[in-house]
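Below is one structure, written out as structure tokens; comments come after it.
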Amino acid sequence: MGRPAGWLKELTGRSAMISPGAPKTRRGVEREFWRKVAAGASSEDAAVMVGVSPAVGARWFRQGGGMPTITLTDPGGRYLSFAEREEIMLLREQKHGVREIARRLGRDPGTISRELRRNAATRGGRLEYRASVAQWKAELMARRPKPAKLVTNDRLREYVQDRLDGNVRLPDGTVVAGPEVAAWEGRNKPHRQDRRWSTAWSPQQISKRLEVEFPDDESMRISHEAIYQSLFIEGRGALKRELVAALRTGRALRKPRARSQNKPQAHVTADVVISERPAEAADRAVPGHWEGDLIIGTNRSAIGTLVERSSRSTLLVHLPRLEGYGEQPRTKHGPALSGYGAVAMNTALSASLITLPEQLRKTLTWDRGKELSEYAQLVLDTGTRVFFADPHSPWQRPTNENTNGLLRQYFPKGTDLSRWTAEDLAAVAYTLNNRPRKALDWKTPAEVFAEQLQSIQRASVATTD
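All the letters of the sequence shown, read from the start, carry residue numbers -10 to 454 under the numbering used here.
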């Protein structure tokens, strides 16, 4: 005959649940695992510390994308703990009643009564309270999963995907393809190989720009953490997994960032050290103060980078190799043919800076590389005063260091940078200058730079009147 429909709900007050089989590891153990990881332990070592196998720890780490998928804070006192459930089971086996169990645990009798009814095992058609099964059922019901916003909102998902993985374009809309890259295989970014060029906004830039572009549309809102989770956590399913390659780090899992290293060389005099730079350059309130550096590739190739401290506008300086490079032995004390010798650097930097209004090219702060050893000529040609950071102090050029990190997404280490034309560099600079920035209250560098130009033009008109 079988049991009548709804018998289990009548018995427990809860609809039928999938049998747990062997109940999974308690969430308290998983919380402790993530605490060990946060303290610096590897996933395998953290697993052993909390009493599970290394394979389980590796799986938790991979499924969480390198970050905990549960809160590390233990549930509050209003919820029964596993220890309390074990005590309930023992007291129940000793034939104590609900009120006696509640008195001993300091709980309301109604709490104990509901626990014994709702979270008991039902195998065999009768209620049998077991702590492990009760804990599993309580945790399963506490999750209350809901579909991710990027799954249910197609318009929002398309916006996020386009800002992560959209094409790099010139100002007229022409797509610049960039390098050919191998298909993504689920690993971290290829070491010292090309990466696909894309718009590559960060999740935080996307999240904050939504508020700017859709101020009255609450459906177009998402936190940057929700975007990261859609990329990193298995089973979220909203964004394609390979979009992690569009993130700045290109990592398939989260992990601490490595500190960038700088290898400056000292060759400057006391009058051009950074401590002599005008004070107005330090607070970013006045435009026209730039930071510069090189990003280096293989075969003695390089690209010059200039970043304006106030607007964060980026100029990329094309440094083509000089005639005769690779065709004849280098002459001792002769000109460097690689494209970033002192003379070539002066020529290229002058060509870039001279296009700016005089009020927007006041100073340039460089590291101590020898490529700018002939800076005196650059000062004469452009009127831009040059200063040098202290040795081993990349934080004195923070805007440029940060921008170089962004540019490595387009020009990875270990690749030949001489193959890119001035037009290619202009496309990448245009892309960076049209990303919203947190430091600019989510405006883009291009928008802020345009405001600076207008301010200068108005001041010029007022002066001539």
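Beta carbons are placed, not taken as given, at the ideal position from N, Cα and C, and that holds for glycine.
Report yes or no: do three or more beta-carbon pairs, one from the stretch 86 to 101 and one from the stretch 45 to 54, lie closer than 8 Å? no
In three-state DSSP terms, what is E297? Position 308 of the sequence shown, counted from the start, is the residue given in the question as residue 297. Looking at E297 - three-state DSSP - the assignment turns out to be strand.
What separation, rounded to the nearest whole angstrom, lies between the Cα atoms of G66 and R96? To locate residue 66, count along the sequence shown from 1; it is residue 77. To locate residue 96, count along the sequence shown from 1; it is residue 107. When rounded, the distance between both Cα atoms is 10 Å.
Using the DSSP secondary-structure output, state which residues sit across from F221 in a beta bridge. Along the sequence shown, read from residue 1 onward, the residue named residue 221 stands at position 232. In the DSSP output, where bridge partners are listed per residue, F221 has none listed.
Sheet register partners of W279 (DSSP bridge): The residue you call residue 279 lines up with position 290 of the sequence shown. Partner(s): E297, L353.
Neighbour-count burial assignment, R306, 16 or more Cβ in a 10 Å radius: For the purposes of this step, residue 306 is taken as residue 317 along the sequence shown, with counting starting at 1. For the sequence presented, residue 306 should be read as Val rather than Arg. V306 is buried by the Cβ-count criterion.
CB-CB length for R146 against A227, believed under 8 Å: Here residue 146 refers to the residue found at position 157 of the sequence shown. Here residue 227 refers to the residue found at position 238 of the sequence shown. Yes, they are in contact, since the Cβ atoms of R146 and A227 sit about 6 Å apart, within 8 Å.
Is there contact here, the stretch 337 to 344 with the stretch 259 to 275, by at least three beta-carbon pairs under 8 Å? no
Give the secondary structure of I211 by DSSP, where H, G and I count as helix, E and B as strand, and everything else as coil. Counting from one through the sequence shown, the residue named residue 211 turns up at place 222. Coil, per DSSP.
L305 (DSSP reduced to helix, strand or coil): Numbered from its first residue, the sequence shown carries residue 305 at position 316. L305 falls in the strand class under three-state DSSP.
DSSP on I216, reduced to helix/strand/coil? In the sequence shown, the residue the question calls residue 216 occupies position 227. In the structure shown, I216 sits in a helix (DSSP, three-state: H, G or I).
Express the C-alpha separation of S339 and D370 in angstroms, rounding to a whole number. On the sequence shown, residue 370 is found 381 positions in, with the first residue counted as 1. On the sequence shown, residue 339 is found 350 positions in, with the first residue counted as 1. Spanning the two alpha carbons is a distance of roughly 7 Å.
In angstroms, rounded to a whole number, what distance separates the CA positions of S456 and G17? This structure does not reach residue 456, given that the chain is present from -10 up to 454, and the question cannot be answered.
Alpha carbon of S458 to alpha carbon of T388, nearest angstrom: No information on residue 458 is available, as it lies outside the stretch -10 to 454 that the chain covers here.
Looking at C-beta atoms only, is the number of pairs between the stretch 429 to 437 and the stretch 395 to 415 that lie closer than 8 Å three or more? no
Taking only three categories from DSSP, how would you classify M(-10)? Looking up residue -10 in the sequence shown gives position 1. No answer about M(-10) holds up, because its pLDDT of 48 lies below 50 and its placement is not dependable.
Return the residue from the list E297, G55, L311 that minimises the CA-CA distance to N422. Taking the first residue of the sequence shown as position 1, residue 422 is located at position 433. Selected option, being the one with the closest Cα: E297.
Verify whether the separation of the beta carbon atoms of I284 and A274 is less than 8 Å. To locate residue 284, count along the sequence shown from 1; it is residue 295. To locate residue 274, count along the sequence shown from 1; it is residue 285. No, these two residues do not count as a Cβ contact at 8 Å.
At the level of alpha carbons, what is the spacing between A72 and R230? By one-based count along the sequence shown, residue 72 stands at place 83. By one-based count along the sequence shown, residue 230 stands at place 241. Spanning the two alpha carbons is a distance of roughly 39 Å.
Contact between the stretch 395 to 404 and the stretch 351 to 371 is defined here as three or more beta-carbon pairs at a separation below 8 Å; is this criterion met? Result no; under three Cβ-Cβ pairs closer than 8 Å.
Quick check: what's the CA-CA separation for R144 versus S208? Here residue 144 refers to the residue found at position 155 when the sequence shown is read from its first residue. Here residue 208 refers to the residue found at position 219 when the sequence shown is read from its first residue. When rounded, the distance between both Cα atoms is 9 Å.
Do V332 and W355 have their C-beta atoms closer together than 8 Å? For the purposes of this step, residue 332 is taken as residue 343 along the sequence shown, with counting starting at 1. For the purposes of this step, residue 355 is taken as residue 366 along the sequence shown, with counting starting at 1. No, Cβ-Cβ distance for V332 and W355 is not below 8 Å.
Rounded to whole angstroms, what is the Cα-Cα separation between I211 and G155? Locating residue 211 in the sequence shown gives position 222, counting from the first residue. Locating residue 155 in the sequence shown gives position 166, counting from the first residue. So the alpha carbons of these two residues sit roughly 19 Å apart.
Taking DSSP's pairing of strands, which residues face F377 in a bridge? Within the sequence shown, numbered from 1, the residue matching residue 377 stands at position 388. In the DSSP output, where bridge partners are listed per residue, F377 has V262, W355.
How close, in whole Å, do the beta carbons of G394 and L349 come, if the pair is a contact with beta carbons under 8 Å? Here residue 394 is taken as the residue at index 405 of the sequence shown, counted from 1. Here residue 349 is taken as the residue at index 360 of the sequence shown, counted from 1. Not really, about 24 Å apart at Cβ, beyond 8 Å.
So, under 8 Å CB-CB, Y118 and M78 are touching, yes? Tell me the CB distance rounded to an integer number of Å. Working through the sequence shown from its first residue, we reach residue 118 at position 129. Working through the sequence shown from its first residue, we reach residue 78 at position 89. Sure, about 6 Å apart at Cβ, within 8 Å.
Of all the options Q385, Y68, E200, which has the alpha carbon lying nearest to the alpha carbon of M130? The residue given as residue 130 occupies position 141 in the sequence shown. Ranking Q385, Y68, E200 by Cα distance to M130 puts Y68 first.
Start and end of the alpha helix (DSSP H) containing M56? Numbered from 1 along the sequence shown, position 67 holds the residue referred to as residue 56. Run containing M56: none; DSSP gives neither H nor E here.
Going by other Cβ atoms of all chains shown within 10 Å of its Cβ, with 16 needed for buried, is E280 buried or exposed? By 1-based counting over the sequence shown, the position of residue 280 is 291. E280 is buried by the Cβ-count criterion.
Start-to-end residues for the alpha helix (DSSP H) that takes in P425: Here residue 425 corresponds to residue number 436 of the sequence shown, with the count starting at 1. Looking at the DSSP string, P425 is not in any alpha helix (DSSP H), and its letter there is neither H nor E.
Could you compute how far the alpha carbon of R106 sits from the alpha carbon of K84? For the purposes of this step, residue 106 is taken as residue 117 along the sequence shown, with counting starting at 1. For the purposes of this step, residue 84 is taken as residue 95 along the sequence shown, with counting starting at 1. Rounded to the nearest angstrom, the two C-alpha atoms are 16 Å apart.
Would you grab the beta carbon distance between G54 and L242 for me? Rounded to a whole angstrom, and I think it's under 8 Å. In the sequence shown, counting from the first residue as 1, residue 54 sits at position 65. In the sequence shown, counting from the first residue as 1, residue 242 sits at position 253. Confirmed, about 6 Å.
Leaving out five residues on either side along the sequence, give the residues of the same chain with a beta carbon under 7 Å from the beta carbon of Q398. Numbered from 1 along the sequence shown, position 409 holds the residue referred to as residue 398. Here the set comprises R184, A189, R237.
Using only the alpha-carbon positions, how far apart do W186 and G167 sit? Within the sequence shown, residue 186 is the residue found at index 197, counting from 1. Within the sequence shown, residue 167 is the residue found at index 178, counting from 1. Whole-angstrom Cα-Cα distance: 6 Å.
Using the three-state DSSP reduction, which class does A333 fall into: helix, strand or coil? For this step, residue 333 is matched to residue 344 along the sequence shown. The answer is helix: DSSP assigns A333 an H, G or I state.
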